[in-house]
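Trainee: Please find one structure pasted underneath; my questions will follow.
Number of protein chains: 2
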Amino acid sequence: MIENIEAYTQQVARQARAAAYELALVTGQQKNDWLLHSAGRIREDAAALMQENAKDIERAPEFGLTPAATDRLRLTEDRIEGMARGLEEVAALPDPIGEVIDSSVRPNGLVVTRVRNPLGVVFFIYESRPNVTADAAALCVKSSNAVILRGGKEAFHSNIALYRLLAGTLEEVGLPPHAVQLVETTDRAAVGHFLRERENIDVTIPRGGKSLIERVVSEATMPVIKHFDGVCHVYVDRAADLQMARSILLNSKCQRTGVCNAAESLLVHADVAEAFLKDAGAELVAAGVEIRGDERTRQYVAEAKPATEDDYRTEYLGMTISAKVVDNLDEAIAHINRYGSHHTDAIITSDLPAATRFSTAVDSAAVMVNASTRFNDGGQLGLGAEIGISTDKFHARGPCGLRELTCYKYIVQGSGQIRE
Amino acid sequence: MIENIEAYTQQVARQARAAAYELALVTGQQKNDWLLHSAGRIREDAAALMQENAKDIERAPEFGLTPAATDRLRLTEDRIEGMARGLEEVAALPDPIGEVIDSSVRPNGLVVTRVRNPLGVVFFIYESRPNVTADAAALCVKSSNAVILRGGKEAFHSNIALYRLLAGTLEEVGLPPHAVQLVETTDRAAVGHFLRERENIDVTIPRGGKSLIERVVSEATMPVIKHFDGVCHVYVDRAADLQMARSILLNSKCQRTGVCNAAESLLVHADVAEAFLKDAGAELVAAGVEIRGDERTRQYVAEAKPATEDDYRTEYLGMTISAKVVDNLDEAIAHINRYGSHHTDAIITSDLPAATRFSTAVDSAAVMVNASTRFNDGGQLGLGAEIGISTDKFHARGPCGLRELTCYKYIVQGSGQIRE
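Below, the structure written as structure tokens:
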């Protein structure tokens, strides 16, 4: 039991800052040793991890977890193996730290380089699945950041067990033990105290429901990497291959509905509205999707219900889609910039100028041309692993992997130059 | 006279957002045309600009401006020519927008590119010199951002005259007229309203005194690019060329004292303290610098006064320097990370491992090896021009030029790919 929450959070934050200064000087080999040793330890300790996890599973009904949420919480042998393999995959990624991003020689002989280095201390807040504990610790330490992990109360025992294992391995390979810390209380006040620690925390990354993100954004005194929601569009242009458009629409909407890169809204050019909506509408309806459309959509899809203004701003996270017929490309672009959430938007077209205009003008983290919105994901885009997705434009946009956990500094090498 | 400040700021912010969407689609030629036409117009209208400027000069005593500050406010023919040339220099810089930062082809054939694009809307708050109006507008529009300019009350008439000229030229070349807006009131409440416009403003850049920066940081609801102060160090290592060290120290401290990249603190390795401080101390004293040192410094420099803990955190912006003898490199690094402001810190050494360790471990925007701290400047480091300097680690660090006014988006090109 922690008696003074504020003193505790200050201590944790100060320890993280001190560890971050040490981490600036460690080698890639040390970081990889930690990842590989930890993977081995996770496999060895699988039974003990499942034992701790059982305590969380037992308490799940107390927290009102649905059977699906309880299942996501459960650590099985397969999932533990997956966690271990995740650490090994991060070990195999190139070390982002020390990369010379660019360099130039000034006329006076100064050699100016921008060198990639860690952000410092990451405060990571997440809910539910315990494997995120290992993933987040791996990405932060691989990018030479210290991390303060704040998991959900539902996974408290699983997270503590994992954390002890990961922190113990840090000391064995000579890394600072406070490189990874887990907040050992479920008191909500602790989060508020950490969000005021701007001297010792460089960035906060919240991952979870919208109310969590909103609380973090309103209380944080340091930068935040986040997305609120994903109101993602599929726009079927006049020059679309309609069969391709149907396949991409179905995939974007239905392949997995509870995720931020699933489509929530369909826009169709008036010239192809009838031809497209008759078939695509029937397919969506057959798949069990409820369509909420404007008047023109409802002309072609009898089953569609009327859409309200609110529908166009809604992230359904389920089997519903809003739909609207637009008169031209620019109306689609304006609609997306106005109603969307700057997350992921797709155009289906064979018209190169239309694709270029859409890609340039749509103000979103990712624009898909003739591909499903579901590809906006760190793994799918080749980042190796991701700690979150950002819909902001500052620092990091879209999926955030190792590179997005770094910054740079200028290193200027001279031979006695002074300024005239 | 603006009657409803809040309605006015909302309108300005909304107009900026609409202009930003249009700017996403303009060509580099249009932007350069605007810069070159504006340069010509500034030269043609020099007399009218000086007439408006005279009104500000006349009111300068009302605002309590010192003779030096009044002089900085004054527009002369030379300064107007300098402003025009500044716009031409920005026109000559490469267009940052549309650059493919990196790209890859995924195994499923998706072509993933990260393309540089504008941040959107910049709110720029500055004090005193009217030439900053033209500089900031030029950098923002060249990077396809809309800008809301909020100048100081001392330069109100000069800024309005310049702004009318720049905005007028926008329309002539077909750019959105609200790409550049100037806040046409000196009411301080307007700043507060803009700082809450996070839907329509993507970044705020304050440039001025520490109290302005602090107000902006505490009230802003969007990201801020800023630095509070520059407590910059010169560390003279055991392996330093002592003559070079004296020259760099004098330059860093005295070449210009009122600027953020001037040295404010001297650290000397104990092994060379006597040899270095006897000569360097005498040189600083002869140049009129007051030294505030620890006990060991005062052994070698009779004129040095005792330093307090506070001295090591102080940005003097004048002819004073704090000094301390340290036992080794790591003590110097720890001192800088603890007392410094993460701005610019220099090491003087011929020892390569020492230089590498210092560069890696010092957590500052710029680290100078055998060069003056005064080189941390956009022009000196080759950025072409700068809108400010950042001591933060998020998004932009060090001098901020055109590139730092941009972000990126993922553009993913497919041929019908869907996710399995």
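These protein sequence lines are chains A and B, in that order. The opening residue of the first sequence carries number 1 in full-length UniProt numbering; numbering runs sequentially from there. The opening residue of the second sequence carries number 1 in full-length UniProt numbering; numbering runs sequentially from there. Ideal Cβ positions, reconstructed from N, Cα and C, are used throughout, including at glycine. Every value quoted in this text rests on a predicted model; they were computed, and no experiment measured them.
Find the residues of chain B that neighbour residue 15 of chain A, judging by a C-beta separation of less than 7 Å, and give them in chain order.
Mentor: Neighbours of residue 15 of chain A on chain B: none; closest Cβ ~15 Å, over 7 Å.
Trainee: Between residue 387 of chain B and chain A, is any beta-carbon pair separated by less than 8 Å?
Mentor: no
Trainee: What's the call for residue 287 of chain B, buried or exposed, on a 16-neighbour Cβ count within 10 Å?
Mentor: exposed
Trainee: Can you round the beta-carbon distance between residue 346 of chain A and residue 234 of chain A to whole angstroms, since I take them to be within the 8 Å contact cut?
Mentor: 5 Å
Trainee: Does DSSP classify residue 107 of chain B as helix, strand or coil?
Mentor: In this structure, residue 107 of chain B counts as coil in the three-state DSSP scheme.
Trainee: Looking at C-alpha atoms only, which residue of B/260, B/240, B/407, B/319 is the closest neighbour of residue 342 of chain B?
Mentor: B/260
Trainee: Using three-state DSSP, classify residue 206 of chain A as helix, strand or coil.
Mentor: strand
Trainee: Please list the partners that residue 119 of chain A has in chain B, where partner means a Cβ-to-Cβ separation under 7 Å.
Mentor: 393
Trainee: List the whole-angstrom C-beta distance separating residue 99 of chain B from residue 116 of chain B, where the pair is believed to meet the contact cut-off of C-beta under 8 Å.
Mentor: 4 Å
Trainee: Is any beta-carbon of chain A found at less than 8 Å from that of residue 255 of chain B?
Mentor: yes
Trainee: Name, please, each residue of chain B whose Cβ falls closer than 8 Å to the Cβ of residue 340 of chain A.
Mentor: Here the premise fails: no neighbours, minimum Cβ distance about 13 Å.
Trainee: Please decide whether residue 124 of chain A counts as near chain B, where near means a Cβ-Cβ distance under 8 Å.
Mentor: By this cut-off, residue 124 of chain A is not an interface position.
Trainee: In chain A, which residues lie with their C-beta within 9 Å of the C-beta of residue 316 of chain B?
Mentor: Within chain A, no residue has its beta carbon less than 9 Å from that of residue 316 of chain B; the closest one is some 19 Å off.
Trainee: Whole angstroms are fine: how far does the CA of residue 247 of chain B sit from the CA of residue 241 of chain B?
Mentor: 10 Å
Trainee: Got a sec: which bits of the segment 394-419 of chain B sit with their beta carbon under 7 Å from any beta carbon on chain A, in order along the chain?
Mentor: Within the segment 394-419 of chain B, the residues whose Cβ lies closer than 7 Å to any Cβ of chain A are, in chain order, 394, 395, 397, 398, 407, 408, 409, 410, 411, 412, 413, 414, 415, 416, 417, 418, 419.
Trainee: Could you run through the segment 80-105 of chain A and flag, in chain order, every residue whose CB is less than 7 Å away from some CB of chain B?
Mentor: 104: these are the residues of the segment 80-105 of chain A whose beta carbon lies less than 7 Å from some beta carbon of chain B, given in chain order.
Trainee: Please decide whether residue 367 of chain A counts as near chain B, where near means a Cβ-Cβ distance under 8 Å.
Mentor: yes
Trainee: Classify residue 94 of chain A as buried or exposed, calling it buried when 16 or more other Cβ atoms lie within 10 Å of its own Cβ.
Mentor: exposed
Trainee: Indicate whether at least one CB of chain A lies closer than 8 Å to the CB of residue 194 of chain B.
Mentor: no
Trainee: Is the segment 169-184 of chain B touching the segment 139-148 of chain B, taking contact as three or more C-beta pairs under 8 Å?
Mentor: yes
Trainee: Determine the closest residue to residue 158 of chain B out of B/50, B/202, B/71, with distance taken between C-alpha atoms.
Mentor: That would be B/50, whose Cα lies nearest to the Cα of residue 158 of chain B.
Trainee: Does the beta carbon of residue 204 of chain A come closer than 8 Å to any beta carbon on chain B?
Mentor: Not an interface residue.
Trainee: Going along chain A, which residues have a C-beta under 7 Å from residue 360 of chain B?
Mentor: 24, 25
Trainee: Which complete beta strand (DSSP E) runs does the segment 9-97 of chain B hold, if anything under 3 residues is left out?
Mentor: none
Trainee: Checking contacts by CB at 8 Å: is residue 372 of chain B closer than that to chain A?
Mentor: yes
Trainee: Whose C-beta lies closer than 6 Å to the C-beta of residue 417 of chain A among residues of the same chain, with five residues either side of it excluded?
Mentor: Within the same chain, and ignoring the five residues on either side of residue 417 of chain A in sequence, the residues whose Cβ sits closer than 6 Å to its Cβ are 108, 110.
Trainee: Who are the neighbours of residue 251 of chain A on chain B, taking C-beta pairs under 8 Å?
Mentor: By Cβ distance, chain B contributes 418, 419.
Trainee: If I measure Cβ to Cβ from residue 123 of chain A and keep anything under 6 Å in the same chain, skipping five residues before and after, which residues do I get?
Mentor: Result list for residue 123 of chain A: 148, 194, 201, 204, in chain order.
Trainee: Listed in chain order, which residues of the segment 326-339 of chain B have Cβ atoms closer than 7 Å to some Cβ of chain A?
Mentor: The residues in question are 337.
Trainee: What are the boundary residues of the beta strand (DSSP E) that includes residue 371 of chain B?
Mentor: 366-371
Trainee: Less than 8 Å separating the beta-carbons of residue 292 of chain A and residue 305 of chain A?
Mentor: yes
Trainee: What residues match up with residue 344 of chain A in a beta bridge as DSSP calls it?
Mentor: A/366
Trainee: Assess contact between the segment 370-378 of chain B and the segment 70-77 of chain B, defined as three or more Cβ pairs (one per stretch) separated by less than 8 Å. Is contact present?
Mentor: no
Trainee: Pick helix, strand or coil for residue 399 of chain B, following the three-state DSSP scheme.
Mentor: Here residue 399 of chain B carries a strand assignment [DSSP, helix/strand/coil].
Trainee: So, is the C-beta of residue 244 of chain A closer than 8 Å to a C-beta in chain B?
Mentor: yes
Trainee: Does any CB atom of chain B fall closer than 8 Å to the CB of residue 247 of chain A?
Mentor: yes
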